[in-house]
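Participant: Quick note, the sequences are listed as chains C and R, same order.
Each step along the first sequence adds one to the number in this note's numbering, with nothing skipped, and position 483 is 918.
Each step along the second sequence adds one to the number in this note's numbering, with nothing skipped, and position 210 is 211.
Glycine residues also receive a C-beta, built at the ideal position from the N, C-alpha and C atoms.
Please find one structure pasted underneath; my questions will follow.
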Amino acid sequence: MMARTLLAASTLSLPHVNYTAIMPELIALGGSLLLLAVAAVTPRRLPTTVYAAMTSGIGIASLVASLVLYHDVRQGGAFVAIAHSIDVDGFSVLVMTLASCVLILTPMLAAGFFEREGLGGCEYYALACISVGGAMLMGAANDLVLIFLALEVLSIPLYVMAGLDYRREGSGEAALKYFLLGAFSSAIFVYGIALVYGATGSTNLGEIAAFLAHNVLVANGVLYGGMALLIVGFGFKVAAVPFHMWTPDVYQGSPTPAVGFMASIAKVGGFAAFLRVFISTLPTLSQTWKPVLWVIVIITVLLGAIAALVQRDVKRMLAYSSINHAGFILLGLQAATAKGATGSLYYLFAYSLLILGSFGVIAVVGGRGDTGHSIERYRGLARRSPLLAGAFALLLLAQAGAPFTTGFFAKLYVVEAAVAAHSYALAAVAMVSAAIAAFFYLRVVFVMFADTRLAEAPAGDAALVQAAGAPAVSAVGASGSGVFEPAVAGGGGVLLAEAPVRLEEETATPEASATGEEIRDGAVSAWTWSGLILTVGATVVFGIWPQPLVDFAQHAHLLF
Amino acid sequence: MPLHALTALVLAARTHAGLAGPANTAPFPFLNTLILVPAAAALVILFVPKKQTALIRAIGLVAAIGVLGIAAAVLDQFKTSTAGYQLVETHPFASGLGISWTVGVDGVSLFLMLMVAVLFPIALAGATEKENTKAFTVWVLIAEVGCMGSFLSLDLLLFFLFFELTLIPVYFLIVGWGRERRGPAATKFFLYTFAASAFLLVGILSLAFIHAGQSGVTTFDVIQLAHTHLSGTADVVLFLAFTAAFAVKAPMFPFHTWSPDAYATSPAGGVVVLAAVMAKLGTYGIVRFDLSLFPHAVVVLAPLLLSLGVAGIIYGGIVAAAQRDLGRLMAYSSLAHMGFIILGAFALTGEALSGAVLQMVNHGLYTAALFLLIAMIYRRWGTTDVRHLGGLQRKAPMMAAVFTLVMLASIGVPGLNGFIGEFLILAGTFLTHRWWAIVALVGVVLAAVYLLWAYQQVFHGPPAKAAAAPAPGAGRPFRELTVAEGLVMAPLVVLIVFLGVYPQPVLARITPTVDRIINQVEAAAHPHIPALGRASLSAAVTPASERHDHGFVLHAVLASHAIVGAGRPGAGTAPVQGRIPTKVASR
Chain C
436 MMARTLLAAS TLSLPHVNYT AIMPELIALG GSLLLLAVAA VTPRRLPTTV
486 YAAMTSGIGI ASLVASLVLY HDVRQGGAFV AIAHSIDVDG FSVLVMTLAS
536 CVLILTPMLA AGFFEREGLG GCEYYALACI SVGGAMLMGA ANDLVLIFLA
586 LEVLSIPLYV MAGLDYRREG SGEAALKYFL LGAFSSAIFV YGIALVYGAT
636 GSTNLGEIAA FLAHNVLVAN GVLYGGMALL IVGFGFKVAA VPFHMWTPDV
686 YQGSPTPAVG FMASIAKVGG FAAFLRVFIS TLPTLSQTWK PVLWVIVIIT
736 VLLGAIAALV QRDVKRMLAY SSINHAGFIL LGLQAATAKG ATGSLYYLFA
786 YSLLILGSFG VIAVVGGRGD TGHSIERYRG LARRSPLLAG AFALLLLAQA
836 GAPFTTGFFA KLYVVEAAVA AHSYALAAVA MVSAAIAAFF YLRVVFVMFA
886 DTRLAEAPAG DAALVQAAGA PAVSAVGASG SGVFEPAVAG GGGVLLAEAP
936 VRLEEETATP EASATGEEIR DGAVSAWTWS GLILTVGATV VFGIWPQPLV
986 DFAQHAHLLF
Chain R
2 MPLHALTALV LAARTHAGLA GPANTAPFPF LNTLILVPAA AALVILFVPK
52 KQTALIRAIG LVAAIGVLGI AAAVLDQFKT STAGYQLVET HPFASGLGIS
102 WTVGVDGVSL FLMLMVAVLF PIALAGATEK ENTKAFTVWV LIAEVGCMGS
152 FLSLDLLLFF LFFELTLIPV YFLIVGWGRE RRGPAATKFF LYTFAASAFL
202 LVGILSLAFI HAGQSGVTTF DVIQLAHTHL SGTADVVLFL AFTAAFAVKA
252 PMFPFHTWSP DAYATSPAGG VVVLAAVMAK LGTYGIVRFD LSLFPHAVVV
302 LAPLLLSLGV AGIIYGGIVA AAQRDLGRLM AYSSLAHMGF IILGAFALTG
352 EALSGAVLQM VNHGLYTAAL FLLIAMIYRR WGTTDVRHLG GLQRKAPMMA
402 AVFTLVMLAS IGVPGLNGFI GEFLILAGTF LTHRWWAIVA LVGVVLAAVY
452 LLWAYQQVFH GPPAKAAAAP APGAGRPFRE LTVAEGLVMA PLVVLIVFLG
502 VYPQPVLARI TPTVDRIINQ VEAAAHPHIP ALGRASLSAA VTPASERHDH
552 GFVLHAVLAS HAIVGAGRPG AGTAPVQGRI PTKVASR
């Protein structure tokens, strides 16, 4: 009562808050508070699986809220809420649905890891909830300022997560690196917002679009500058080349389940806002930003695929592979059509599940201490734990775009959008990069499934790098290694010296036996299995029967 | 009744008969069953414990033989003198992306489908891989799904899905059960084909969107896409994009470099899938998609592709003669045979194309048989290097006899199946592209040279040669063909002889479809046909009576052989049927 009187007295007019419009965000953010509260009031430290179960429950709740909202939008159409700052349209509810799925799966694939590492506690899960809330808000925000806030809500928990494994030096390094570069890019992003505001007089996306539709700027340098800075900001978040430098180091150093989570949610949130701002707000300038993105797509898909070829660390390899994926998602954005946006969103769906599952497997194989990520450790995995190796092989092949998996339809969707927008060359380059990328996925698959008892296996694998890696690797790898790959000490340059290096590795016993630790299917926790079953199951089921998911993605209409 | 109304009625009826219409929808979903049975069997086997190898093998074999039974039912249902797609089934699949699950069969795909159905039970039964039977059986069954699906799909993207699907099981078959140096071979194989497919996918999408721009409908239906109007450049570029993928898959010279390694290192079951069945996906793609979607480009670029085909025949023959490893020899021999099929596909005459389609089936049969025999030799002595082998005829006369017969079929000796296909191809090519046919004839001689040489080295000769350079397993006795192996070989031998003696039923079903395809090419590309080709091409659309005369002259000139004449019992009706789609297309 008193508050209301105070408000009435002030000149500040509060907008009407439509809570249903932001219910999924509220559930995710409120869930983090709930987790912290439970952790604070329970006298004894709860096992990490309890927090994991709670987090999955929060995820399910926000999924239900998202689907309710989806139903509302399907019935009553899209609308804006809370002083025109929140969009509730097909696109945003799909982003919320996806983010909820990520929130359900993340704790499943992380619980076993944190239990093994003795890193109990609710922090990881609470941070995940906050980050997911931020990602949802990124998809729904209709105001540049709100997008910035959402971006920070999304990112800051990720910086903390990167450093969660405080006993390992690499984790701290990753956190610092991620934080510094992230803060830097946020600053650039804010400056971009300021310039766009200066040019158009508003931060509201709807108003900006209306202004640009009705006015022709005589001197539009400020607007172009703002747009360029926005591309840099978003490009950093989604790890597009040349703003990808942090990715390999951060992925390599961070605790493995956190990598899976950040790889998926940062892209979900980043691309959601990227798509909305560029496709629905700045379509009038598409002739200006499309060529820029054209270049970015080309170098992103190619560098992602080619740099991954020379990696011996599986986490680093997947870091580059996720850069390649970012290029594919950008392909949908570059098309600048509704179909492109839908394709990108479908790709995000497929990619998020694949990357979560893949890092779930890596977290298991990494072993105690989270250090065993050399590809050697995967040698003969199929013999030791066939189910785990099978799941990983499937996830990797799906990432390569194998038919009858969601990975194939994702690539098909964005490439179809690109071809429909007459970007034939771009589509062809992207597909060729997918073929290059298939090589390193296959290398892991081969290492897992080849018989270790045959003496030819290691030599064969090394020769395989040289034989089939072919001119692309030696040419670009050698010339580019100094530029984009400082951490691998001339990785591509010494490609021809690969064979002797490998022989040394072979004489030195593989890490698995050195630590005396063997990965067995039976030793993997039920939580991880359920997460893997869900990710692999969704990948295969929606690959063989694509209709429902394709139909679902078709409803991702942007408001404008 | 007014004449034009009658014409319209007839035309409409024929449209239904010739294209995918309700008249030809299936009474029972035969074709989907063909695809789903092996898939279901693979799924079932996944849940069978690994130790139950006998049960797993039984499930796999029963499923594969069941597929053969359904395929036989399809053969029974197939209307002989119909040119269009039959037993068509359509289901929504990913309609948001424009993909529909449309399957159908016509004269070109019918016998390839049957070949798949025949060869997979044999691949499963002939597989001697003792280790990890479960995974092996699952992969072979998935390969069958992929091959069946590719041959039956009438939706380009569905075809692409199955086309790509075949890569994965074969990759794992090579990696899991292959011979020495299989790692590089498997990866090379996968990457070559995968990279080439990238162009196919972009080509398919581009074609569909050009079509969508003209008709307003986004579809990947082969029949509808055939009506797309393409500019000259777009036609050629798309043709090249499609052909790149098919040429690598076949493999066609000079895109064959993956095949010797892959063929030589594959396990027996894998190589039957790879060399005998999957290679046909490439040539089938050329006949099915290149010829019907890009007729202009086909006519313009035919000389180039004919030259590549002939180059493959000669190069494959010469290099095969220099091989010491039987697997590699067969790989180059396959390259030469694929050259013949390419020749037949781009000669653009009914005879040559019928021969090409028949030759795909024939090559599948005798290649499978030869590779199985090579695998049997490998199993006994652990080598396929001719330097380590010799004098086997004395030790295993039955095996030598079977090998001789299959080898003679591969050389193209009359009376065995290899002859009919090559004869038709050469005869048909001679009509339009005389010099290419003459050069290709040299390839037939080369085939005799390298295969007879290999036979001599392995089965004749002094056993002392083998003793001088003993094989890894030479200490073991070289056993005669066992009963189980004989049973595996028997169906192939029977088919090789049967098709050699009595190919008429097969040709009767192939010819109407082939005539339709040639008519389409002719109708769409008439203004650009070079003078040399026009005579024979117009022969393909002349009334049946004249056509028969033409055929008669041809036979009199070339061989006075009864096969071809008798092989066209539909000669009176087929051209009439065959012209229908031409009219539809030209409307």
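Taking one C-beta from the region 647-655 of chain C and one from the region 560-570 of chain C each time, how about it: are there three or more such pairs within less than 8 Å?
Facilitator: Counting Cβ pairs under 8 Å, fewer than three are found: no touch.
Participant: From Thr483 (chain R) to Val495 (chain R), what does the alpha carbon distance come to, in whole angstroms?
Facilitator: Each residue's alpha carbon lies about 18 Å from the other.
Participant: May I ask you to list, following chain order, the residues of the region 807-830 of chain C that have a beta carbon less than 8 Å from some beta carbon of chain R?
Facilitator: Under the 8 Å Cβ criterion, the region 807-830 of chain C contributes no residue.
Participant: Within the region 54-130 of chain R, note down every full alpha helix (DSSP H) run reaching 4 residues or more, in order along the chain.
Facilitator: Taking only runs of at least 4 residues, the alpha helix (DSSP H) segments lying wholly in the region 54-130 of chain R are 54-78 and 108-127.
Participant: Tell me, please, whether the CB atom of Tyr782 (chain C) is closer than 8 Å to any CB atom in chain R?
Facilitator: Output row for Tyr782 (chain C): interface = no.
Participant: Please list the terminal residues of the continuous beta strand (DSSP E) segment that includes Arg546 (chain C).
Facilitator: The sequence given here has Ala at residue 546 (chain C), not Arg. That residue, Ala546 (chain C), is in no beta strand (DSSP E); its alpha helix (DSSP H) goes Gly525 to Glu552.
Participant: Report the neighbours of Glu851 (chain C) on chain R: residues whose CB is nearer than 7 Å to its CB, in chain order.
Facilitator: Correct list: Leu98 and Leu206.
Participant: Within the 8 Å Cβ cut-off, does Glu165 (chain R) reach chain C?
Facilitator: Answer yes: the Cβ-Cβ gap between Glu165 (chain R) and chain C drops below 8 Å somewhere.
Participant: Round the Cβ separation of Gly204 (chain R) and Ala242 (chain R) to the nearest angstrom and send it over; I've been treating them as touching at under 8 Å.
Facilitator: Between Ala242 (chain R) and Gly204 (chain R) the Cβ distance is about 3 Å, and since that is below 8 Å, they are a contact.
Participant: Anything in chain C within Cβ reach of Ala196 (chain R), meaning under 7 Å, just list it in chain order.
Facilitator: Per Cβ cutoff of 7 Å: Val867 and Ala870.
Participant: Suppose contacts are defined by Cβ-Cβ distances below 8 Å. Is Phe784 (chain C) in contact with Lys846 (chain C) by that definition?
Facilitator: No, they are not a contact pair.
Participant: Give the secondary structure of Phe48 (chain R) by DSSP, where H, G and I count as helix, E and B as strand, and everything else as coil.
Facilitator: Three-state DSSP puts Phe48 (chain R) in coil, outside helix and strand.
Participant: At a CB-CB cut-off below 7 Å, which residues of chain C make contact with Ile169 (chain R)?
Facilitator: Going along chain C in sequence order, the residues near Ile169 (chain R) (Cβ under 7 Å) are Leu832 and Ala837.
Participant: So with Cβ pairs under 8 Å, would you call Gln989 (chain C) a contact of chain R?
Facilitator: It does: the Cβ of Gln989 (chain C) has a partner Cβ on chain R nearer than 8 Å.
Participant: Note down, in chain order, every chain R residue with its Cβ under 7 Å from the Cβ of Asp986 (chain C).
Facilitator: Here the neighbours are Gly97.
Participant: Asn655 (chain C): which of C:Leu720, C:Ile628 and C:Phe671 sits nearest, CA to CA?
Facilitator: Measuring from the Cα of Asn655 (chain C), the nearest candidate turns out to be C:Leu720.
Participant: I want to know whether the region 707-723 of chain C touches the region 771-789 of chain C - three or more CB-CB distances under 8 Å.
Facilitator: With a cut-off of 8 Å, the region 771-789 of chain C and the region 707-723 of chain C count as touching, because enough Cβ pairs lie within range.
Participant: Within 8 Å, do at least three Cβ pairs link the region 575-586 of chain C to the region 624-635 of chain C?
Facilitator: Touching, yes.
Participant: Is DSSP giving Ser154 (chain R) helix, strand or coil here?
Facilitator: Strand at Ser154 (chain R).
Participant: Given that Val877 (chain C) touches chain R, what residues does it touch there, using C-beta distances under 7 Å?
Facilitator: Just to set this straight, residue 877 (chain C) is Leu in the shown sequence, not Val. Going along chain R in sequence order, the residues near Leu877 (chain C) (Cβ under 7 Å) are Thr188 and Phe191.
Participant: Since Val407 (chain R) and Leu374 (chain R) are thought to touch, with beta carbons under 8 Å apart, how far apart are those beta carbons, to the nearest angstrom?
Facilitator: Contact holds; Cβ gap of about 7 Å.
Participant: List, in chain order, every chain C residue whose beta-carbon is nearer than 7 Å to that of Phe210 (chain R).
Facilitator: Within chain C, the residues near Phe210 (chain R) are Val854 and Ala855.
Participant: Note down, in chain order, each residue of its chain lying with its Cβ closer than 7 Å to the Cβ of Ile790 (chain C), except the 5 sequence neighbours on either side.
Facilitator: Around Ile790 (chain C): Gly695, Ala698, Ser699 and Ser757.
Participant: Using a Cβ-Cβ cut-off of 7 Å (strictly less than) and excluding sequence neighbours within five positions of Trp681 (chain C), which residues of its own chain qualify?
Facilitator: Within the same chain, Trp681 (chain C) has close Cβ partners Lys612, Tyr613 and Leu616.
Participant: Taking the alpha-carbon positions, what's the Ile426 (chain R) to His228 (chain R) distance?
Facilitator: For Ile426 (chain R) and His228 (chain R), the distance between alpha carbons rounds to 28 Å.
Participant: Using the beta-carbon of each residue, which ones in chain R are nearer than 9 Å to Gln769 (chain C)?
Facilitator: Residues of chain R passing the Cβ test: none, with the nearest at roughly 15 Å.
Participant: Have a look at Gly904 (chain C) and Phe874 (chain C) and give me their C-alpha separation to the nearest angstrom.
Facilitator: With a pLDDT of 38 at Gly904 (chain C), under the threshold of 50, the modelled position of this residue cannot be trusted, and the question is left open.
Participant: Give me the chain C residues within the contact set of Ala591 (chain R), using Cβ-Cβ distance strictly less than 8 Å, ordered along the chain.
Facilitator: Past the boundaries of the shown model lies residue 591 (chain R); chain R is included only from 2 to 588, so the question cannot be answered.
Participant: Is the shortest distance between the beta-carbon of Phe763 (chain C) and the beta-carbons of chain R less than 8 Å?
Facilitator: So no, Phe763 (chain C) is outside the interface.
Participant: Leaving out the 5 sequence neighbours to the left and right, which residues in its chain are closer than 6 Å to Ala828 (chain C) when beta-carbon positions are compared?
Facilitator: So the qualifying residues of the chain are Val880.
Participant: Mind checking which residues open and close the beta strand (DSSP E) that includes Val515 (chain C)?
Facilitator: Where Val515 (chain C) is concerned, the enclosing beta strand (DSSP E) stretches over Phe514 to Ala516.
Participant: Mapping DSSP to helix, strand and coil, what is Ser497 (chain C)?
Facilitator: Helix.
Participant: How big is the Cα-Cα spacing for Gly557 (chain C) and Ala144 (chain R)?
Facilitator: A small correction: the amino acid at residue 557 (chain C) is Cys; Gly does not occupy that position in the sequence shown. Taking the straight line joining both Cα atoms gives about 47 Å.
Participant: Do three or more CB pairs link the region 200-214 of chain R to the region 254-270 of chain R at distances below 8 Å?
Facilitator: Touching, no, given that fewer than three Cβ pairs across the two stretches are closer than 8 Å.
Participant: For Leu753 (chain C) versus Leu710 (chain C), is the C-beta distance shorter than 8 Å?
Facilitator: For Leu753 (chain C) and Leu710 (chain C), no; Cβs fall outside 8 Å.
Participant: Roughly how far, in whole angstroms, is the beta-carbon of Thr266 (chain R) from the beta-carbon of Ala323 (chain R), given that I think they are within contact range, below 8 Å?
Facilitator: Between Ala323 (chain R) and Thr266 (chain R) the Cβ distance is about 19 Å, and since that is not below 8 Å, they are no contact.
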